[in-house]
Amino acid sequence: MKLWNHYHIAHTVGEALRWLAEYDGRARIVAGGTDLLLDIQQGNHPPVEALIDITQIPELVSVEADGDLMILGAGVTHTAIVEHSAIRARATCLAESCGVVGGPQVRNVATIGGNVAHALPAADGTLSLVALDAEAEIASLDGRTWHHIRDLFLGPGQSLIDPSKQLLTRFRFNLAGRHEATAFKRIMRPQGVALPILGCAVWVRLDDSGERFAAARLALGPVGPTPARAAEVEAALVGQAANTETITNAAKMAQDQLHPRTSKYRATAEYRVEMIGTLLRRALTLALSRARTGEVVPEGIGA
Ligand SMILES: Cc1cc2nc3c(=O)[nH]c(=O)nc-3n(C[C@H](O)[C@H](O)[C@H](O)COP(=O)(O)OP(=O)(O)OC[C@H]3O[C@@H](n4cnc5c(N)ncnc54)[C@H](O)[C@@H]3O)c2cc1C
């Protein structure tokens with residue numbers, strides 16, 4: 002049985018959108034195919050008449066830094082993100098999270114847009130975009146609109162993006178400046194396919210003295226149906242001394258406030274609560290050191 006009947010390679014966003022309109026709900030966008038093709042093969046996806054390949058659209062595969070603003074095409078692969086010098090230095094959590102996705106074959110084709118559009122709360126690159134407070138651009142035949150990334154997630158696997166009519170085109174976010182830094186940590190259980198037990202991306206800003214937290218964003222997943230921010234912990238960090246005691250208290254607070262479920266494929270709820278504390282402590286400690294020293298060496302990127 003054929004899994005799809007037609008395969009079209011779009012060269013512009015407009016062309017991709019026109020193909021989607023022509024198939025009136027029976028076509029799907031394909032980028033790296035690392036989620037979609039498995040879903041189709043395993044019967045977890047409604048029948049698809051046509052696949053619209055977006056990997057040849059130049060604006061979707063471009064990475065541009067405009068001063069402190071990074072504009073990242075949705076079709077950029079995980080490998081390209083990991084190798085990009087400005088992302089490594091100034092959006093380090095994104096390089097670190099994309100660097101642990103699957104193996105090299107997956108990272109060479111899997112795109113950041115596919116990771117976000119699939120809308121899973123454990124998606125690694127997605128968690129970093131949430132910590133970076135990114136915005137996402139959605140294109141339809143009616144025009145383009147920017148959305149806060151968190152507004153894209155409606156539930157596990159459910160996105161604001163209408164897959165029959167819309168395309169995720171770009172992300173934009175600020176690169177870390179003076180006294181700002183990010184970090185990503187993850188614990189996973191390899192079971193043939195990678196299955197994260199918990200991922201944690203953090204962004205911090207210190208005050209001018211470098212002694213106190215001025216702002217923080219903490220993204221964790223999966224701890225609920227969508228990628229989560231620990232908003233109360235973020236607020237509690239502001240104004241506190243940037244030291245081990247504050248980080249330990251923040252980790253404890255997150256353990257009290259986030260409620261991951263027991264999952265037979267991932268781990269028990271109790272273990273995952275422990276890991277919230279462990280990963281948050283590690284990620285905050287690393288981000289703090291980076292923000293203070295300005296020295297950044299990405300960690301944990303897979304071979
Ligand atoms: C062996 C293996 C290991 C993996 N390990 C990890 C892991 O450790 N961490 C992790 O987070 N993920 C992991 N994944 C999942 C997957 O690789 C990522 O989610 C990847 O980023 C998906 O991107 P893609 O380009 O392959 O998306 P596709 O499979 O091409 O598309 C996924 C979905 O997004 C839609 N879509 C894609 N691009 C767009 C767009 N621009 N606009 C609108 N809709 C779009 C598609 O229609 C489809 O519904 C793994 C997958 C495999 C096969």
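Here the sequence shown stands for residues 2 to 304, where the numbers follow our numbering. The beta carbon of each residue, even a glycine, is placed where N, CA and C say it ideally should be.
Limits of the alpha helix (DSSP H) - the one that residue i falls within
{"i": "A17", "result": "V14 to Y24"}
{"i": "G115", "result": "I113 to A118"}
{"i": "I41", "result": "L37 to Q42"}
{"i": "L281", "result": "A270 to T294"}
Proximity test, residue i beta-carbon vs ligand 2 heavy atom, cut-off 6 Å
{"i": "L95", "result": "For the structure depicted, ligand 2 is absent and the ligand set comprises only ligand 1."}
Nonlocal neighbours in the same chain, by C-beta distance under 7 Å from residue i, ignoring five residues either side
{"i": "L18", "result": "A140, S141, L142 and L168"}
{"i": "D134", "result": "F174 and R218"}
{"i": "H7", "result": "E50 and A51"}
{"i": "I72", "result": "E65, R171 and R173"}
{"i": "M189", "result": "A195, L196, P197 and I198"}
{"i": "H12", "result": "Q57 and I58"}
{"i": "E212", "result": "A242 and A243"}
{"i": "L70", "result": "R173 and N175"}
{"i": "E63", "result": "According to the sequence provided, residue 63 is Ser. The question's Glu does not apply to it. Counting only Cβ-Cβ distances below 7 Å, and skipping sequence neighbours, we find G74."}
{"i": "E296", "result": "none"}
Proximal residues to residue i (C-beta, below 6 Å), its chain only, five neighbours per side dropped
{"i": "P299", "result": "R89, T93, A96 and E97"}
{"i": "T227", "result": "P122 and F154"}
{"i": "L37", "result": "V31"}
{"i": "L281", "result": "C201, A252 and A255"}
{"i": "T127", "result": "N116, V117 and P228"}
{"i": "G1", "result": "Because the chain here runs from 2 to 304, residue 1 falls outside it and cannot be looked at."}
{"i": "L238", "result": "F214, A217 and A251"}
{"i": "R283", "result": "K186"}
{"i": "L4", "result": "I41"}
{"i": "T247", "result": "Q241"}
{"i": "G44", "result": "none"}
{"i": "T245", "result": "none"}
{"i": "R230", "result": "A220"}
Residue span of the beta strand (DSSP E) that contains residue i, given as start and end
{"i": "D54", "result": "A51 to D54"}
{"i": "A28", "result": "A28 to V31"}
{"i": "I10", "result": "H7 to I10"}
Neighbourhood of residue i by C-beta, 8 Å cutoff - its chain only, sequence neighbours within 5 removed
{"i": "E136", "result": "W147, H148, H149, I150, F172, R173 and F174"}
{"i": "R206", "result": "H180, E181, F214, A215, A216, A217 and A292"}
{"i": "S125", "result": "For the sequence presented, residue 125 should be read as Asp rather than Ser. Result list for D125: S98, C99, V101, V102, N116, F185, R187, P197 and G200, in chain order."}
{"i": "G158", "result": "H119, A120 and L121"}
{"i": "T325", "result": "Lying outside 2 to 304, the shown extent of the chain, residue 325 is not represented and no answer is given."}
{"i": "M276", "result": "I188, I198, L199 and A268"}
{"i": "W20", "result": "H9, A11, A28, A51 and I53"}
Within-7 Å CB hit, residue i to chain D
{"i": "A87", "result": "In summary, chain D is missing from the structure at hand, where a single protein chain is found."}
Within the region 240-266, ranges of the alpha helix (DSSP H) (whole runs, at least 4 residues):
245-258
Which ranges does the alpha helix (DSSP H) cover as unbroken runs of at least 4 residues, wholly within the region 63-107, from first to last along the chain?
79-84, 86-91 and 93-99
Which runs of the beta strand (DSSP E) fall wholly inside the region 109-176 and span at least 3 residues, in chain order?
136-141, 144-149, 154-156 and 168-175
Just checking, does the region 283-292 make contact with the region 173-183 on the three C-beta pairs under 8 Å criterion?
yes
Quick check on the contact list: which residues have their beta carbon closer than 5 Å to a heavy atom of ligand 1?
R29, I30, V31, A32, G33, G34, T35, D36, L37, A75, V102, G103, V107, A111, T112, G114, G115, N116, A118, H119, A124, D125, L168, L169, V194 and A195
Write down every uninterrupted run of the alpha helix (DSSP H) in the region 210-241 whose length is 4 residues or greater and which is fully enclosed by it, in chain order.
232-238
If we count Cβ pairs, one from each stretch, closer than 8 Å, do we get three or more for the region 37-51 versus the region 195-203?
no
Evaluate contact between the region 253-273 and the region 222-240, counting only Cβ atoms and requiring at least three cross-stretch pairs below 8 Å.
yes
Is it true that the region 105-113 meets the region 73-81, where meeting means three or more beta-carbon pairs spaced less than 8 Å apart?
yes
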